[in-house]
Amino acid sequence: MRAFAELYDAIDRTTATQGKVAALVAYFESAPPADAALAVSFLIGRRPKRLVKSGNLRAWTAEAAGIPDWLFEESYAQAGDLAEAISLLVPESTDEPENSSLSFWVEERLLVLARMDPALQRESLLSVWHTLRGSSRFVFNKLITGSFRVGVSAGLVVRALSQVSGVNADAISHRLMGQWEPSGEWYARLMHPDTDDADWSRPYPFYLAYPMEQELVALGESHEWQVEWKWDGIRAQLVRRRGKTLLWSRGEELLDGRFPEVEQTAEFLPDGTVIDGELVAWRDGAPLPFSELQRRINRKTVGRKLLSDVPCAMIAYDLLEHGGVDLRASSLQARRDLLEEVVRALPAGCTLHLSPIIASPSWEAVHAARADSRIMRAEGLMLKRRASAYGVGRRVGDWWKWKVTPLTIDAVLVYAQAGHGRRAGLYSDYTFAVWDDDALVPFAKAYSGLTDVEIRAVDRYVRQNTLEKFGPVRTVTPGLVFELAFEGLQESSRHKSGIAVRFPRISRWRTDKLPADADSLETIRAMLRAVRGTA
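Throughout the sequence shown, residue numbering follows this note's numbering, covering 11 to 545 in sequence.
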């Protein structure tokens, strides 16, 4: 446990990529296989879900620290992180901590909590807190709360594993896809040069596009690029092998049973087929809003009514495997030609549709297409070099995403709440309102977009202009106006304003405006009508 905690500290202390990779390499070169396997799992984001109720953790921490609940809550608000609050408040043992392996602490002290009643959980955790010290206890607490994360990407973990094993990084990435349980045996297969990668259930690593940051003319000739709509759904891979169908999300979650209409269509695909595409809510040849798709996302099983209310389809972008042959090294144009053959061979009425290619005789035509994105209920355009292979992860050069210009409105700050992590103790989570006649109506929440200097300035305003307190939330005197940007909007009965926005964030602080200058709800309704093309 100590070695893994030291790795956590080493990664956390540096912002240098080479420093992070060096720390990872040093750890993997010396860690026992079972420990290394768990470390890989945690570092790439497969942390365990919260095993103990938050309320119990808070109560037991206050008990162990010998403080009243109210003082714990105040301390927690200042720390901004439950794991850190526990580590700081519970007195450390003066005994030398047990220096057991990471696998011991995870398997014998962490995962067993799921099988205990609260009384046993309390007894077990008090014992752990008494035994572990410093960073070891902090990291264990992060695992308990399900909030383990550290400043290292999956790509850096792959790079370090490749460096230690000598196995190509793309092969390591592929082996990390799909379902697996971390163990010493699994880690040995991951790192062995001769491991067979032909796990029939495994998807391929996803290839991701970079945001467009240059003028289109810098890309060369427009005819060298395949232009498509960027649909607002769930990126997924449809795998058809051995007469079975698996549907994998980009987050490597198996979506069995959640999109039965797509899985039924997959039965018509030839064996040895893998298609990359987008799951969308779809009716009458057009996508439905993402909020409709959300009704299906977290359902393990889908009832008949929901299937009827929110029909779904998959828009096929790319063909990664055909007849059991990996096509990723082929050109996009060659893969697209085969994809068209595969999809057009399906029976009528199937729920797998080709992603339409937008004509690109000139960059002017591409600009014009992007202007129609919202009418098409798309987020913008995808530009893919026709000669490109299908890569791994996010790589600059061949695939670009060009989103539409965000919608913006001016809104007034009305509520604020303290943030978490490095923003703990600062009021950095905000609720904004717009005018409805003479009243301000809450419209959207936003947490990002301001600089650290601006956040501290807003924090001072909140503290000096608080009208009421509701738990951690403060109502403030309307006085600050901000420009909010968002990707889309739609009607919503769950919101007081009657409208919900997609991905709201702060684009700038309008110090030049007074609250009376903020936008009205009617302005936003007009914006919604314009987006729908019904203005």
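Ideal placement from N, C-alpha and C gives every residue a C-beta, glycine not left out.
Segment contact: the region 368-385 against the region 221-238, three or more CB-CB distances shorter than 8 Å; contact assigned. Counting C-beta atoms within 10 angstroms of its own C-beta, V335 has fewer than 16 neighbours from the protein chains shown and is therefore classed as exposed. Restricting attention to Q224, Q247, E374, V100, the CA atom closest to the CA of Y214 is found in Q247.
DSSP places D420 in the uninterrupted beta strand (DSSP E) bounded by 417-428.
Shown here for L256: same chain residues with a beta carbon closer than 7 Å to its own, the five before and five after excluded, namely S211, V249, L264 in chain order. Using a Cβ distance threshold of 7 Å, V50 and I154 do not count as a contacting pair. Secondary structure at K523: coil, using DSSP grouped into helix, strand and coil. The Cβ atoms of G287 and I325 sit closer than 7 Å to each other. The count of Cβ pairs closer than 8 Å, one atom from the region 412-431 and one from the region 476-483, reaches three, so the stretches are in contact.
One Cα belongs to A72, the other to S146, and the distance between them is close to 20 Å. Rounded to whole angstroms, the gap between the alpha carbons of V168 and A179 is 6 Å.
For Y440, no alpha helix (DSSP H) segment is defined; the enclosing uninterrupted segment is the beta strand (DSSP E) at 437-446.
Under DSSP, the beta-bridge partners assigned to A495 are T418, R515. Under the three-state reduction of DSSP, R60 is assigned to coil, being neither helix nor strand. Judged by beta-carbon spacing, R515 lies beyond the 7 Å limit of A528, meaning their Cβ atoms are not closer than that value. Around the beta carbon of F158, 16 or more other beta carbons lie within 10 angstroms, which makes this residue buried. Taking each of D439, G165, K59, A87 in turn and checking the Cα distance to K152, the smallest one comes out for K59. Judged by DSSP secondary structure, F38 falls within the alpha helix (DSSP H) whose first and last residues are 27-40. For Q343, the uninterrupted alpha helix (DSSP H) run begins and ends at 342-354, by DSSP. If you look at S172, you'll find it in the alpha helix (DSSP H) that goes 164-175. With a minimum length of 4 residues, the unbroken runs of alpha helix (DSSP H) contained wholly in the region 238-301 fall at 270-276. In the DSSP annotation of this structure, the continuous segment of the beta strand (DSSP E) that includes W409 starts and ends at 409-413. In this structure, DSSP gives T141 a helical state, which the three-state scheme calls helix.
Listed as beta-bridge partners of P371 by DSSP are no residues whatsoever.
For G508, same chain residues with a beta-carbon under 7 Å away, outside a window of 5 residues either side, are E501, S502 in chain order. Boundaries of the beta strand (DSSP E) around D328: 322-332.
DSSP places E16 within a helical segment (H, G or I) once states are collapsed to three. Look at L48 here: in three-state DSSP terms it is helix. If you draw a straight line from the Cα of P43 to the Cα of Y197, it comes to about 6 Å.
In the three-state DSSP reduction, H202 falls in the coil class, being neither helix nor strand. Around the beta carbon of S372, fewer than 16 other beta carbons lie within 10 angstroms, which makes this residue exposed. Collapsing the DSSP output to three states places V160 in coil. With respect to the 7 Å criterion, L531 and D420 are not classified as neighbours on the basis of their beta carbons. Assignment of L477 by DSSP, reduced to helix, strand and coil, places it in the strand class.
Look at I154 here: in three-state DSSP terms it is helix. DSSP links G390 through a beta bridge to K240, K413.
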